[in-house]
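Chemist:
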Amino acid sequence: MSRFRIGKRQSTRAKSVVPVRVWIAGSKDIHLAHTLDVSNHGVKLGGCRGEMKVGDEIVIQYHQTHAQFRVTWITACEGSSEKQVGAECLEPEKQLWGAPFPQRVDEYEEQD
Numbered sequence: 102m103s104r105f106r107i108g109k110r111q112s113t114r115a116k117s118v119v120p121v122r123v124w125i126a127g128s129k130d131i132h133l134a135h136t137l138d139v140s141n142h143g144v145k146l147g148g149c150r151g152e153m154k155v156g157d158e159i160v161i162q163y164h165q166t167h168a169q170f171r172v173t174w175i176t177a178c179e180g181s182s183e184k185q186v187g188a189e190c191l192e193p194e195k196q197l198w199g200a201p202f203p204q205r206v207d208e209y210e211e212q213d
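Take 102 as the starting number for the sequence shown in the numbering used here and just add one per residue.
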């Protein structure tokens, strides 16, 4: 079965694997995870644990800086309780990752 996807991102993604702390809205528990790729407007996380659903607000901390995000998608990892999570940054002006990224639109197409 073929899969076809066309879309536009608000900014270019950069591959980056760094440890982060994650708080899920309504919980005081801290979850450890890591980034897979990042941009000013979003993040793809790996190694996520804890109960969350699409639409939940989360706080991500990297070094001493933190910003609010909204979960946009979740994928379960086979054979593990860990998940990959995509989240939109609600505070892009904070530049959580330490440097601004290019603001050009990243157009993409995938076909299988």
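Just so it is clear, CB atoms sit at the ideal spot from N, CA and C, and this is done for glycine as well.
In the DSSP assignment, find the unbroken beta strand (DSSP E) run with histidine 162 in it and report its ends.
Modeler: Numbered from 1 along the sequence shown, position 61 holds the residue referred to as residue 162. Here the sequence assigns glutamine to residue 162, which means histidine is not the residue at that position. From DSSP, the beta strand (DSSP E) with glutamine 162 extends over 158–163.
Chemist: Where tryptophan 174 and alanine 126 are concerned, what is the direct C-alpha to C-alpha distance, given to the nearest angstrom?
Modeler: Within the sequence shown, residue 174 is the residue found at index 73, counting from 1. Within the sequence shown, residue 126 is the residue found at index 25, counting from 1. Using only the alpha carbons, I get a separation of about 16 Å.
Chemist: Among Ser181, Val118 and Ser128, which has the Cα closest to the Cα of alanine 134?
Modeler: Taking the sequence shown and counting its residues from 1, the one referred to as residue 134 is at position 33. Distances from the CA of alanine 134 to each of Ser181, Val118 and Ser128 were compared; the closest alpha carbon is that of Val118.
Chemist: Could you check the C-alpha separation between lysine 184 and threonine 176 for me, to the nearest Å?
Modeler: For this step, residue 184 is matched to residue 83 along the sequence shown. For this step, residue 176 is matched to residue 75 along the sequence shown. C-alpha separation (whole angstroms): 6 Å.
Chemist: Thinking C-alpha only, which one of Arg114, Glu192, Gly199 and Val172 is nearest histidine 164?
Modeler: Locating residue 164 in the sequence shown gives position 63, where the first residue counts as 1. For the residues Arg114, Glu192, Gly199 and Val172, the minimum Cα distance to histidine 164 belongs to Gly199.
Chemist: Strictly under 7 Å for the Cβ-Cβ distance: is isoleucine 125 near chain C by that measure?
Modeler: Any reference to chain C falls outside this structure, which holds one protein chain only.
Chemist: Where do the ends of the beta strand (DSSP E) carrying glutamine 185 lie?
Modeler: As a working mapping, residue 185 is identified with position 84 in the sequence shown. Run containing glutamine 185: 184–190, per the beta strand (DSSP E) assignment.
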